[in-house]
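S.K.:
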Amino acid sequence: MRRRNYLKTAGVGVAGVLTAGCLQVEQGDSEGTNTTSGATTEGTTTGTTSEPDGPLRIATYDSFFGDEGTAGRWLKEQWEADHDTDIEYTAPSNGINEFIQRKQQDVGIDADLFVGLNTPDLVRVDESLPDKDLFDDLRADLTNDDDVKESLEVDPENRVVAYDTGYITPVYDSTDVDNPETFDALLEPEYEGTLLAQNAQSSDPGLAFLLWTIHEKGTDGYLDYWEGLLENDVRVLDDWQPAYDAFLAGERPIVVSYSTDQVYYNSEEELPHHQISFLNDQGYANPETVGRFADSDRAETAAEFVDFVLTDEAQANVARLNVQIPATTTASLPEGYAEYAKEPPEPVTFTYEELAGNLDEWTESWAQLVASN
Amino acid sequence: MDRVVGPAGREQLTRVTDWLSRAGGRLADDADRLVLPAVGAVTALVLAVVFYYPVWTVFVEAFGNAAAPVRDVLASEFYMGAAHGLFAHPARVPGDVLAWLASVRVHAGWSGVLPEVWLSYPAVRKGLFGFTAWQAALSTLASVALGLPGAYVLARFEFPGRRTLQSLTILPFVLPSIMVVAGFVATFGTNGTLNGVLTALGLGKVELLYTLEVVVLAHAFYNAPLVTRMVASAWENVDASAVETARSLGASPLRAFRDVVAPQLLPALAASAVLTFVFTFMTFPIVLGLGGLQLATVEVWLYARVQQLDYETAAALATLETAVSLGLTYVYLRYEARRAGGGAANPLPRDRLFALDLGDVKGVLVRAGVGAYGVAVAVVFLAPLASMVLASVGGLSDPTLEWWRFLLEQQAGSRTQPSVAVRNSLLFGVGALALALPMGVVIAAFSARGGRGRKVVDAVLMAPIAVSGIVVGFGMLQSLVFGVELFGYRVSVVGAAVVVAAHAIAGYPFVVRNVAPMLAAVDDRLVESARALGASRVRALYDVELPLVWPGVLAGAAFAFALSIGEFDATVLLAGENAYTMPVALKRYLVDRAAGPSVGPAAAMGTILLAVTAASFVVIDRVGGRYRP
Chain A
2 MRRRNYLKTA
12 GVGVAGVLTA
22 GCLQVEQGDS
32 EGTNTTSGAT
42 TEGTTTGTTS
52 EPDGPLRIAT
62 YDSFFGDEGT
72 AGRWLKEQWE
82 ADHDTDIEYT
92 APSNGINEFI
102 QRKQQDVGID
112 ADLFVGLNTP
122 DLVRVDESLP
132 DKDLFDDLRA
142 DLTNDDDVKE
152 SLEVDPENRV
162 VAYDTGYITP
172 VYDSTDVDNP
182 ETFDALLEPE
192 YEGTLLAQNA
202 QSSDPGLAFL
212 LWTIHEKGTD
222 GYLDYWEGLL
232 ENDVRVLDDW
242 QPAYDAFLAG
252 ERPIVVSYST
262 DQVYYNSEEE
272 LPHHQISFLN
282 DQGYANPETV
292 GRFADSDRAE
302 TAAEFVDFVL
312 TDEAQANVAR
322 LNVQIPATTT
332 ASLPEGYAEY
342 AKEPPEPVTF
352 TYEELAGNLD
362 EWTESWAQLV
372 ASN
Chain B
245 MDRVVGPAGR
255 EQLTRVTDWL
265 SRAGGRLADD
275 ADRLVLPAVG
285 AVTALVLAVV
295 FYYPVWTVFV
305 EAFGNAAAPV
315 RDVLASEFYM
325 GAAHGLFAHP
335 ARVPGDVLAW
345 LASVRVHAGW
355 SGVLPEVWLS
365 YPAVRKGLFG
375 FTAWQAALST
385 LASVALGLPG
395 AYVLARFEFP
405 GRRTLQSLTI
415 LPFVLPSIMV
425 VAGFVATFGT
435 NGTLNGVLTA
445 LGLGKVELLY
455 TLEVVVLAHA
465 FYNAPLVTRM
475 VASAWENVDA
485 SAVETARSLG
495 ASPLRAFRDV
505 VAPQLLPALA
515 ASAVLTFVFT
525 FMTFPIVLGL
535 GGLQLATVEV
545 WLYARVQQLD
555 YETAAALATL
565 ETAVSLGLTY
575 VYLRYEARRA
585 GGGAANPLPR
595 DRLFALDLGD
605 VKGVLVRAGV
615 GAYGVAVAVV
625 FLAPLASMVL
635 ASVGGLSDPT
645 LEWWRFLLEQ
655 QAGSRTQPSV
665 AVRNSLLFGV
675 GALALALPMG
685 VVIAAFSARG
695 GRGRKVVDAV
705 LMAPIAVSGI
715 VVGFGMLQSL
725 VFGVELFGYR
735 VSVVGAAVVV
745 AAHAIAGYPF
755 VVRNVAPMLA
765 AVDDRLVESA
775 RALGASRVRA
785 LYDVELPLVW
795 PGVLAGAAFA
805 FALSIGEFDA
815 TVLLAGENAY
825 TMPVALKRYL
835 VDRAAGPSVG
845 PAAAMGTILL
855 AVTAASFVVI
865 DRVGGRYRP
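So the protein lines, in turn, are chains A and B.
Letter 77 of the first sequence, counting from 1, is numbered 78 in this note's numbering, and no numbers are missing.
Letter 273 of the second sequence, counting from 1, is numbered 517 in this note's numbering, and no numbers are missing.
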């Protein structure tokens, strides 16, 4: 609760005049422990069981809650209809990195939950904070997490829980090229200058596709495979958006994207231009998880909210609105949606243990190979 | 009750009012004397809080453990290419160079008609830094080639809409890179406008996308306007009487241009070229969007290292990047200091562009050249802009008002309302302008005087354009947003006023570089006379110098405003959820999936951004032109 006690002041010396109204002075305590600071300016409740008032603060990414018809908005409306606690979303521009930095510098965490963490993110969290806990043991407080798919259990320490997943696959224009079907086919002359991928250093689908190739070709073979892709003129753009825009503009007929692509493009004219290619009958799973900040003073409410997210009804709606696949085995998708949200015959993904200690080196070697070409 | 003031009383009153008016005069003098130091002090304080301290918190990482991170980068072949040998194994360098020279071969042959001679030599690896500098040099050349004719047309010809066109020159400056990438794909892509026109003309298609050429062209799109605007305003400041004098003394038009006009344009040309190089040296989204990771620059790696929280390498890369940019700026400033011309507010007369006299062969040729230039401008500038506007209505094939309706729905009450974004952008822009102009003019007045030590300080004051935006954002996050521990309190500095300060800091170097060369050209004796007649320094600056350099001030103002409108990173970090600007709104519409994976909503917001900015530029120039001091 100490984090809520801001003493807003203005006019502290010259700096105060300059930055009138935006200088925030907070009671200092550099340790991230649960001691309560003495001085307060608002009425707060102190005690062991009751939680402070105010909304449940959820940090996430922009597109989760930005618009009407997003998963975040749906969750907020449904939750607030039955609960006294409101939901407040924020989208820090640096995502999870902002909280890692805050923790590194012992600055308070002003959120209770983080929504949208994937396995590589979790690896980075733990490698950047070897002696500190950013997330706490949320799973111990959940009652609704038994039906989460086995393949989406990514955290060996059982802190975070998956709430949906995407499968990364190539999407191709069947009026221009045939389904490549295998990784090796992409090296053939037929597929020269056809593939658009993304920078694994900065893009989630880009990283997932790189990890998929490592999964298939092994740590000693993936760079050779990429050498072949580069010779066949693959283009590695910075992120999903420019790559997908170029695909839509007909610049190239294959783009690394999501297996749910046809949800957007399912009219008779569009379908031939939007076909999913499960290379080697696989797809790389990129589960999205939610974690509870160790500094949160709303542990109970936060756990209750996550349990709500894992109900069948919430799972179906989150997946539909987020254009993903549910994380639990019991949720069923609406008819029209399931037809176009495709799932690969064999989902593959790297576990946390496999990525730990390797992720940065794999990515950096790959990026240096591409940039030197 | 009335009191009659007697003679004695009246005398006393006169003495009091005399004293009061003298005191008032002294106070006014004192106030005058205090203006420059006060503006200087505020400038220094704003710079220290919002720029130097945050950036320092990042750079300090590069110097941990005896600058090991910097040395690691310098000794890496990936980063430095062949030059890494200088740092990794300096003793072997002479041998390596000799070995390389020894393998250079001169080939001679007979092609059947003519003898042929060519050189072959082993390729030299440029490394990340080498490639970055190489593409920046090419981009600078392209920007000058595309921008200089524009300055000529704007400064030397009169035609309907000239003033408006000049005001709009720097419009490309404010466009978010993501929209430029989309516009370039639509224009230069396989199925783009250019290929459509070429096919219609019966010519073959060109494959431009994902090449260095199209990246360089996109850099020219951003930076040629800089060259045009800066050189055009210098051209307008050329003293016509000096040219007339030269002509009356028998100089040919070419000679008069070379000896009188060119020396006054060169500082502006060099300044814009240096700025272009510095910008394109730190390019990031454009290379990745139009070229791909194969054409990666230093900034791409810097971003990736920051994402991986590898602060040491990131800081080392940023330090070297800044060293290159600041070093170049310093060299330029030394050069600028040596140049001096005689500027005055007596501009050259303009020719009428559309007054064609068929008997005048030279005039016809020049106008044909201007026409060809107009076609190039249409392809490089208008086509990408037009394609964005077109994308907001679904393109020609599939016209729709869906995306504009989407904006209307957002307006009706959502997280991101277009009108709020417009209002915030304008407020920040005007605030940044109000802060950046005095800051820039005072620093320009400081910069315009010579001295080696002063040039070093001057170069350091240009740092806001020489430090990577990624580093500034990162530094701001960990110092301003997280706050600093002071006397047991954590003090964080965020909010609208800080956004304005951050924007002003990004913008003032443009005011300085536009104004300083012109200020240096003002005859010192004018200022000295004013001072001898009792004017304070600030009076002399305001009454004598500013009117003489007003075109530069206006150009600087337009740049400062444009930078504020287009700024994204600092705004997102410092403004908070509700103080979003137009580019922030655009980005939100782009990533929000509710509208599907279409650029339509973003293109519609981009169109609003264009329209609002265009109107603002015209207003700045018109209002600024009227209130010339």
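The C-beta atom is built at its ideal place from N, Cα and C for all residues, glycine as well.
1. What are the residues of the segment 169-196 of chain A that lie near chain B, defined by any Cβ-Cβ distance shorter than 7 Å?
2. Chain B partners of ILE101(A), CB-CB under 8 Å?
3. I want to see whether chain B comes within less than 9 Å of THR302(A), judged by CB atoms only; does it?
4. My assumption, with CB atoms under 8 Å, is that ALA814(B) sits in contact with ALA741(B). Please give the rounded CB distance.
5. Does VAL279(B) have its Cβ less than 9 Å from a Cβ in chain A?
6. Taking only beta-carbon atoms, is ILE749(B) less than 9 Å away from chain D?
7. Ignoring anything shorter than 4 residues, give me the alpha helix (DSSP H) runs that lie fully in the segment 418-502 of chain B, in order along the chain.
8. Taking Cβ to Cβ, would you say ALA616(B) is nearer than 9 Å to PHE521(B)?
9. In chain order, which alpha helix (DSSP H) runs of at least 4 residues are fully inside the segment 553-607 of chain B?
10. Using CA atoms only, rank isn't needed, just tell me which of LEU519(B), SER712(B), ALA430(B) and TYR296(B) is closest to ALA464(B).
11. Could you pull out every residue in the same chain whose Cβ sits closer than 7 Å to the Cβ of GLU347(A), ignoring the five residues on either side in sequence?
12. Count the other CB atoms within 10 Å of the CB of GLY874(B); is the residue buried (16 or more) or exposed (fewer)?
13. Could you name each continuous alpha helix (DSSP H) segment of 4 residues or more that falls completely within the segment 676-729 of chain B, going from the start of the chain to the end?
14. Helix, strand or coil for SER631(B) per DSSP?
15. Starting from ASN145(A), trace the alpha helix (DSSP H) in both directions and tell me its first and last residue.
16. Going by DSSP, what residues sit across from PHE136(A) in a beta bridge?
17. On the DSSP bridge assignment, give the partners of VAL843(B) in chain order.
18. Measure the C-alpha to C-alpha separation of ALA558(B) and LEU681(B) and round it to an integer number of angstroms.
19. With SER347(B) as the anchor, note down where its beta strand (DSSP E) starts and where it stops.
20. With a threshold of 8 Å on Cβ separation, who are the neighbours of SER723(B) within its own chain once the five nearest residues in sequence on each side are excluded?
21. For PHE401(B), list the residues DSSP reports as bridge partners.
22. What are the residues that DSSP puts in a beta bridge with GLN283(A)?
23. Please name the residue, chosen from THR176(A), LEU188(A) and ARG321(A), that lies closest to GLU1(A) on a Cα-to-Cα basis.
24. So LEU818(B) packs on VAL738(B), CB below 8 Å; how close in whole Å?
25. Could you give the residue range of the alpha helix (DSSP H) that holds ALA764(B)?
26. Assuming GLY375(A) is part of the alpha helix (DSSP H), what are its boundary residues?
27. Indicate the three-state DSSP secondary structure (helix, strand or coil) for PRO206(A) in the structure shown.
28. If you draw a straight line from the alpha carbon of ASP890(B) to that of SER64(A), how long is it in whole angstroms?
29. So the alpha helix (DSSP H) ALA312(B) belongs to, where does it begin and stop?
30. Examine chain B for any beta-carbon lying closer than 9 Å to the beta-carbon of ASN98(A), and answer yes or no.
31. Can you name, in chain order, every residue of its own chain whose Cβ lies under 7 Å from the Cβ of ARG594(B), other than the five neighbours on each side?
32. Would you say TYR62(A) faces chain B, with C-beta separation under 9 Å as the test?
33. Does the beta-carbon distance from GLY868(B) to VAL759(B) come in below 9 Å?
34. Relative to chain A, which residues along the segment 537-564 of chain B have a C-beta separation below 7 Å, given in chain order?
35. Would a check of beta-carbon distances place VAL237(A) closer than 9 Å to chain B?
36. Would you decide whether GLY751(B) is buried or exposed? Buried here means 16 or more other CB atoms lie within 10 Å of its CB.
M.R.: Put simply:
1. For the segment 169-196 of chain A, no residue has a beta-carbon sitting nearer than 7 Å to a beta-carbon of chain B.
2. Within 8 Å Cβ-Cβ: LEU553.
3. For THR302(A), the nearest beta carbon of chain B is not closer than 9 Å to its own beta carbon.
4. The Cβ separation is near 13 Å, so there is no contact.
5. Not one beta carbon of chain A lies nearer than 9 Å to the beta carbon of VAL279(B).
6. Given the protein chain composition of this structure (A and B), no chain D is represented.
7. Whole alpha helix (DSSP H) segments, 4+ residues: 421-432, 437-444, 456-480, 484-492 and 497-500.
8. No, these two residues do not count as a Cβ contact at 9 Å.
9. Taking only runs of at least 4 residues, the alpha helix (DSSP H) segments lying wholly in the segment 553-607 of chain B are 555-582.
10. Closest option to ALA464(B), Cα to Cα, is LEU519(B).
11. Only ASP282 and GLN283 meet the Cβ criterion.
12. Since the first residue shown for chain B is 245 and the last is 873, residue 874(B) is missing from the structure and cannot be characterised.
13. The alpha helix (DSSP H) runs lying completely inside the segment 676-729 of chain B and spanning 4 residues or more are 696-705, 707-710 and 713-720, given in chain order.
14. DSSP places SER631(B) within a helical segment (H, G or I) once states are collapsed to three.
15. Element bounds for ASN145(A): n/a, residue is neither H nor E.
16. PHE136(A) pairs with PHE294(A).
17. Per the DSSP secondary-structure output, VAL843(B) pairs with nothing in a beta bridge.
18. Note on geometry: alpha-carbon atoms of ALA558(B) and LEU681(B) lie some 33 Å from one another.
19. No residue range can be given for SER347(B), since it is assigned to no beta strand (DSSP E) and is classified by DSSP as neither H nor E.
20. Within the same chain, SER723(B) has close Cβ partners TYR297, PRO298 and THR301.
21. ASP595(B), per the DSSP bridge assignment.
22. Residue pairing of GLN283(A) in beta bridges, as defined by DSSP: GLU347(A).
23. This structure cannot settle anything about residue 1(A), because the visible part of chain A is limited to 2 through 374.
24. Confirmed, Cβ separation roughly 5 Å.
25. Under the DSSP assignment, ALA764(B) falls in the alpha helix (DSSP H) whose first and last residues are 740-765.
26. No statement about residue 375(A) is possible, as the shown extent of chain A runs from 2 to 374 and does not include it.
27. DSSP places PRO206(A) in helix when its eight states are reduced to three.
28. Nothing in the structure corresponds to residue 890(B), since chain B is present only between 245 and 873.
29. Taken as a continuous stretch (DSSP letters only), the alpha helix (DSSP H) holding ALA312(B) covers 308-318.
30. Interface flag for ASN98(A) against chain B is set, since a Cβ pair is found closer than 9 Å.
31. The answer, listed in chain order, is ARG400, PHE401 and GLU402.
32. Output row for TYR62(A): interface = yes.
33. No, they are not a contact pair.
34. Hits within the stretch, in order: LEU537, GLN538, ALA540, TYR547, ALA548, GLN551, GLN552 and LEU553.
35. By this cut-off, VAL237(A) is an interface position.
36. Burial call: buried.
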